[in-house]
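>
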Amino acid sequence: MTCWKTSMHLHTEGKITETEDLEIQHGIFQGDSLTPLLFCISLIPLTEQLNKLNTGYEEHTTKTKVSYLLYMDDLKLIGKTEEELQKQMQVVRTFSDDIYFEFGHDKCAKIVLHRGK
298 MTCWKTSMHL HTEGKITETE DLEIQHGIFQ GDSLTPLLFC ISLIPLTEQL NKLNTGYEEH
358 TTKTKVSYLL YMDDLKLIGK TEEELQKQMQ VVRTFSDDIY FEFGHDKCAK IVLHRGK
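Throughout the sequence shown, residue numbering follows this note's numbering, covering 298 to 414 in sequence.
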C-alpha cells in the first residue's frame, strides 16, 4: 500500500496555520461526493502553471489568451505551434509526476490545424 506524509498550510485571517503531518494511505475513491470538488481543487496549481507559459490563442476582442480547456477530468491543451504544445505537455508531465497523479497519456490525441485545415 502506498503511503506518504504531508502537512497542510491553511490561510486564515491573514495568518498561516500548518497542520501536523497527515498520513495519506489511499487516494480519493470515484463516486465519493467530494471527488469532483477535490479533483478540481487539485488542478488549480496546474492551471496557474499553464497560464504562466503565456501560450495559446488570443481572443481578438478581450485579448484573453486561451491555452487549455478543462472540464472535470478532461484537459485540452491549445497551442499555436508544436513548440507551444510541447511546453504545455512538459508542464503537465512535471506536475503529474510531482503529485503522483496519472493523466492517462495513452488516451491523448493531437490535432494540428493550418489555417483551418
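For glycine and all other residues, C-beta sits at the position ideal for the given N, C-alpha and C.
Smallest Cα separation from T344: which of T359, L335, E356 and S364?
Within the sequence shown, the letter at position 47 stands for residue 344. Ranking the options by Cα distance to T344, first place goes to S364.
> Would DSSP call T378 helix, strand or coil?
Walking along the sequence shown from the start, residue 378 turns up at place 81. The answer is coil: DSSP assigns T378 none of H, G, I, E or B.
> Out of D370, Y368 and G353, state which residue places its alpha-carbon closest to the alpha-carbon of K362.
What you label residue 362 is simply residue 65 of the sequence shown in a count that begins at 1. Comparing Cα-Cα distances from K362 to each of D370, Y368 and G353, the minimum goes to G353.
> Where A406 and V388 are concerned, what is the direct C-alpha to C-alpha distance, given to the nearest angstrom?
Within the sequence shown, numbered from 1, the residue matching residue 406 stands at position 109. Within the sequence shown, numbered from 1, the residue matching residue 388 stands at position 91. Cα to Cα, A406 sits roughly 17 angstroms from V388.
> Output the boundary residues of the alpha helix (DSSP H) element that contains L335.
Translated into the one-based positions of the sequence shown, residue 335 becomes position 38. For L335, the enclosing alpha helix (DSSP H) begins and ends at T332 to S339.
> Where Q383 and L347 are concerned, what is the direct C-alpha to C-alpha distance, given to the nearest angstrom?
For the purposes of this step, residue 383 is identified with residue 86 of the sequence shown, where counting begins at 1. For the purposes of this step, residue 347 is identified with residue 50 of the sequence shown, where counting begins at 1. For Q383 and L347, the distance between alpha carbons rounds to 12 angstroms.
> Run the CB neighbour count on M298, radius 10 Å, all protein chains shown included, and call it buried at 16 or more, exposed below.
By one-based count along the sequence shown, residue 298 stands at place 1. At M298 the pLDDT is 47, less than 50, meaning the model places this residue with poor confidence and gives no usable figure here.
> According to the neighbour-count rule (16 or more other Cβ atoms, all chains shown, within 10 Å of its Cβ), is L410 buried or exposed?
Stepping through the sequence shown from its first residue, residue 410 is reached at position 113. Flag for L410 reads exposed.
> Taking the beta strand (DSSP E) that K307 falls in, what are its first and last residues?
Along the sequence shown, one-based indexing puts residue 307 at 10. In the sequence as displayed, the identity of residue 307 is Leu instead of Lys. Per DSSP, L307 belongs to the beta strand (DSSP E) from H306 to T309.
> From K373 to E317, what does the alpha carbon distance come to, in whole angstroms?
Taking the first residue of the sequence shown as position 1, residue 373 is located at position 76. Taking the first residue of the sequence shown as position 1, residue 317 is located at position 20. K373 and E317: Cα-Cα distance of roughly 37 angstroms.
> Just tell me which of E310, L340 and L366 has its CA closest to the CA of S393.
Position 96 of the sequence shown holds residue 393. If we check each option's Cα against that of S393, L340 comes out closest.
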